[in-house]
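If you're matching positions, the sequence shown starts at 1 in the working numbering and goes up one per residue. The C-beta atom is built at its ideal place from N, Cα and C for all residues, glycine as well.
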Amino acid sequence: MKLPGVGIYTASAVFSISKNEAYPVIDGNVKRVLSRILRLKKHPNFYLKKINKYLLKKIPKNNPSDF
1 MKLPGVGIYT
11 ASAVFSISKN
21 EAYPVIDGNV
31 KRVLSRILRL
41 KKHPNFYLKK
51 INKYLLKKIP
61 KNNPSDF
């Protein structure tokens with residue numbers, strides 16, 4: 001994330017693939033869908049920790065980058 005233009009989304013994707021560990025990659029569509037699944041009342045950005053925690057439970061331990 002120290003590189004110009006690399007934020008949490010890109011870093012999470014790279015770590016997920018390169019380290020083969022669960023790093024949720026959360027974009028606007030993921031926030032929108034999960035806000036409906038989790039029935040969130042406020043803007044999804046308010047619940048990023050909750051969304052991240054939910055995804056960590058759902059990402060499979062084998063080949064997490066496929067998720």
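{"Check": "LEU55 and ALA13 closer than 9 Å at C-beta", "Outcome": "no"}
{"Check": "With 16 other Cβ atoms within 10 Å as the buried cut-off, status of PRO60", "Outcome": "exposed"}
{"Check": "Range of the contiguous alpha helix (DSSP H) that encloses VAL30", "Outcome": "28–37"}
{"Check": "Distance CB(SER65)-CB(ASN29) smaller than 9 Å", "Outcome": "no"}
{"Check": "Residue-chain proximity (LYS58, chain D), Cβ-Cβ < 9 Å", "Outcome": "No chain D is present in this structure, which holds just one protein chain."}
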